[in-house]
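Chains as they are written, first to last, in the working numbering: chain A, 1 to 244; chain B, 1 to 263.
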C-alpha cells in the first residue's frame with residue numbers, strides 16, 4: 001500500500017531530523033526535568049506529598065513534547081503539505097507519519113518516567129507500566145493532532161502558530177487540575193477544567209499509579225475511552241482537510 | 001455520461017473567476033486544452049497566470065466556475081487525477097532538511113511510483129541532468145539552478161499526462177531549458193502529454209500549438225502563433241519578409257497595450 005509508505009517516510013524524516021538537530025536531547029531531558037520540578041516542590045515546599053504535582057508534571061511534559069514536535073512540523077509542514085497536494089496523495093498519511101513519530105517519542109519518554117516514578121515513589125508494577133505506555137501514547141496522539149489542526153488553521157505560518165500554540169498551552173495548563181484538585185477550583189474555572197482534555201489526562205495518569213485520583217466518578221476505562229474518542233475525532237478532522 | 005476518447009479534453013475550464021477583495025484576479029476564464037497539446041499562456045506579471053495554474057494544481061480554490069481535468073471535475077479529493085500531473089509552480093516545494101535523493105524518493109512515494117522502478121527512474125534522470133554527483137547533498141546547499149533541475153526531475157518522474165509549468169525558465173539555465181524542451185518533445189511523442197506553460201516571455205511558444213494572451217485576469221487572445229501574428233501583420237504590407245519579422249513578443253506587447261511594440 002503506497003500510502004502507508006508515505007506515513008513511514010514522514011516518520012523516518014522526523015526521526016532523522018530529531019537525530020540531526022539533536023532534538024532527541026530535549027526529548028530525553030524533558031521527563032527528568034519535570035520530575036525534578038515536582039521533587040523540588042515537595043522537598044522545599046514541606047507540606048506537599050510526592051503525588052501532589054507529579055501527575056500534572058508528567059502530563060505537562062507530554063504536552064510540551066507534543067508542542068515541540070508540531071512546531072518542527074510547521075517549520076517543514078508547508079513543504080510536506082504542498083508536495084502531497086501536488087502529488088495527489090491524501091494529506092492524512094503525512095499526518096499519520098507525524099503522529100506515529102509523536103507516539104514513538106512518548107514511548108521513549110514513558111520508559112524514563114516510569115523508571116523515575118518507580119524509583120522515586122515506589123508505585124507502579126507491570127500492569128501500571130503497560131497502561132502507562134498505552135495511555136501516554138494516546139495522550140501524545142491527541143495533543144499533537146490538536147496542535148496540527150491549529151497549524152492548518154494558520155496555514156503553516158510559523159509566527160502565528162507559535163503565539164497561538166503558546167496561548168493554547170498556557171490555557172490548557174491553567175484551566176485544569178494540574179496544580180489544584182478539580183473540586184477545589186472555583187466554579188467557573190472548574191467548569192472550564194471539565195471541558196479541558198488535559199484534566200482527564202492528569203486524572204488518568206494518577207489513576208494508573210494510585211487507586212485514588214481526581215475525578216473519582218470517572219473510572220480509568222472511561223477516561224481511556226474519552227481519550228480514544230477525542231483522538232479519533234481529531235484524526236477525522238485532520239483527514240477532512242481539503243486540498244485547499 | 002462518460003465522454004468518448006475524442007471528446008475527452010485534458011483541461012476544460014468554464015467561467016473560472018477568482019477575486020481578492022475588489023480585484024478580479026481571474027475573470028470568467030474559458031479554456032479548453034486538447035490531449036497532447038502544447039499550450040502557452042503569455043502575460044505580464046500580475047495578469048493571473050500563476051493563480052490560474054495554482055487553481056488547476058489544486059493549491060487554491062476558485063470563487064466560481066468549473067474545471068475538469070481529463071473529464072474529472074475538480075472538487076475536494078480528486079487524488080488519482082492529480083497523480084497524472086507534473087506541476088512546477090513558483091514556490092519551491094523541496095524539503096531543505098533532506099538530501100536531493102531523499103526528496104525525489106519521497107516525492108516518488110507520494111506519486112505512487114512503484115518501489116522497484118523508483119531507483120532506476122531517479123538514477124536515470126539524475127545522470128541525464130548531471131545531478132548524480134550531488135545526490136547525497138542536502139537540498140538546502142544547492143544553488144538556484146541546481147534546485148531548478150531537481151524540481152524539473154521531480155515533475156518528470158511520473159511521466160505526467162499533463163505538465164503544468166509556471167515560468168520554469170526563471171529557475172533553469174540554458175542547459176536546463178534545453179533538457180526541458182527535449183523532454184517535452186519526447187513526452188508529447190511517447191505519452192501524448194499535454195503541456196501547459198505560463199510565462200511572461202514568448203520565446204518558448206513559437207513551437208506551441210496555441211498561445212493564450214492574458215491580461216488583468218482575462219484572456220484577450222487565444223490562437224495558434226501563426227494566427228496571432230496575422231492579427232498584427234495587417235499593420236504591414238502582406239509580404240513574407242515583413243510577416244516573418246513579427247515575433248510573438250511583438251504580438252504580445254501589442255495586444256497588452258505596451259508602447260512602442262511595433263517598429
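Here a beta-carbon is modelled for each residue, glycine too, at the ideal position from N, C-alpha and C. Bear in mind that the values here come from a model prediction, so they are computed numbers and not experimental data.
Beyond the five residues adjoining it in sequence on each side, residue 129 of chain A comes within less than 8 Å, by CB distance, of 114 in the same chain, given in chain order.
Taking residue 60 of chain A as reference, the option from A/235, A/181, A/136 with the minimal CA-CA separation is A/136. Scanning B/246, B/195, B/124 for the CA closest to the CA of residue 162 of chain B turns up B/195. At the C-beta level, residue 140 of chain A and residue 177 of chain A stay beyond 8 Å of one another. Residue 154 of chain A is positioned such that its CB atom lies no closer than 8 Å to that of residue 168 of chain A. Contact annotation for residue 149 of chain B against chain A: no contact, minimum CB-CB distance about 17 Å [criterion: below 9 Å]. Rounded to whole angstroms, the gap between the alpha carbons of residue 46 of chain B and residue 52 of chain B is 11 Å. When Cβ-Cβ separations below 8 Å define contact, residue 69 of chain B makes no contact with chain A. Against chain A, the beta carbon of residue 17 of chain B has no neighbour under 7 Å; the closest one sits roughly 15 Å away. With distances taken between CA atoms, residue 15 of chain A lies nearest to A/100 out of A/100, A/170, A/120, A/64. With respect to chain B, the C-beta atom of residue 58 of chain A has no partner C-beta closer than 8 Å. The residues 53, 57, in chain order, have a CB closer than 8 Å to that of residue 37 of chain A in the same chain once the five nearest residues on each side in sequence are set aside. Taking 8 Å as the cut-off, the Cβ atoms of residue 225 of chain B and residue 203 of chain B do not count as close. In this structure, residue 147 of chain A sits away from residue 239 of chain A, with a CB-CB distance that is not shorter than 8 Å. Straight-line measurement puts the Cα of residue 63 of chain B at about 18 Å from the Cα of residue 219 of chain B. Rounded to whole angstroms, the separation of the alpha carbons of residue 157 of chain A and residue 227 of chain B is 46 Å. Contact between the stretch 93-106 of chain B and the stretch 127-143 of chain B is present, with at least three C-beta pairs closer than 8 Å. Of the other Cβ atoms in all chains shown, fewer than 16 fall within 10 Å of the Cβ of residue 15 of chain B; this residue is therefore exposed. Neighbours of residue 17 of chain A across chain B, judged by C-beta separation under 7 Å: 97. Here residue 150 of chain B is buried: its Cβ has 16 or more other Cβ atoms, across all protein chains shown, within 10 Å. The beta carbon of residue 26 of chain A does not come within 8 Å of any beta carbon belonging to chain B, so the residue lies off that interface. Neighbours of residue 83 of chain B in chain A, taken as residues whose beta carbon is under 9 Å from its own, are 87, 88, 89 in chain order. Nearest in C-alpha terms to residue 208 of chain B, of all of B/184, B/217, B/190, is B/184. In the three-state reduction of the DSSP assignment, residue 246 of chain B falls in the coil class. For residue 52 of chain A, the three-state secondary structure derived from DSSP is helix.
In the assembly as shown, residue 143 of chain B is an exposed residue. Its beta-carbon has fewer than 16 other beta-carbons within 10 Å.
By the 16-neighbour rule on beta-carbons within 10 angstroms, residue 166 of chain A is exposed. For residue 98 of chain A, the nearest beta carbon of chain B is not closer than 8 Å to its own beta carbon. Below 8 Å, enough C-beta pairs join the stretch 219-239 of chain A and the stretch 193-208 of chain A to call them touching: three or more. Within the stretch 46-75 of chain B, the residues whose Cβ lies closer than 8 Å to some Cβ of chain A are 57, 58, 59, 60, 61, listed in chain order. Contacts with chain B at 8 Å (Cβ-Cβ) do not include residue 190 of chain A. Residue 83 of chain A belongs to the set of residues whose beta carbon lies under 8 Å from a beta carbon in chain B. Residue 119 of chain A and residue 236 of chain A have their alpha carbons spaced roughly 39 Å apart. Judged by beta-carbon spacing, residue 74 of chain B lies beyond the 8 Å limit of residue 48 of chain B, meaning their Cβ atoms are not closer than that value. Against residue 13 of chain A, the close residues of chain B are 95, 97, 98, 102, 106, in the order they occur along the chain (beta-carbon pairs closer than 9 Å). Annotation for residue 196 of chain A: no alpha helix (DSSP H) segment contains it, and DSSP assigns it neither H nor E.
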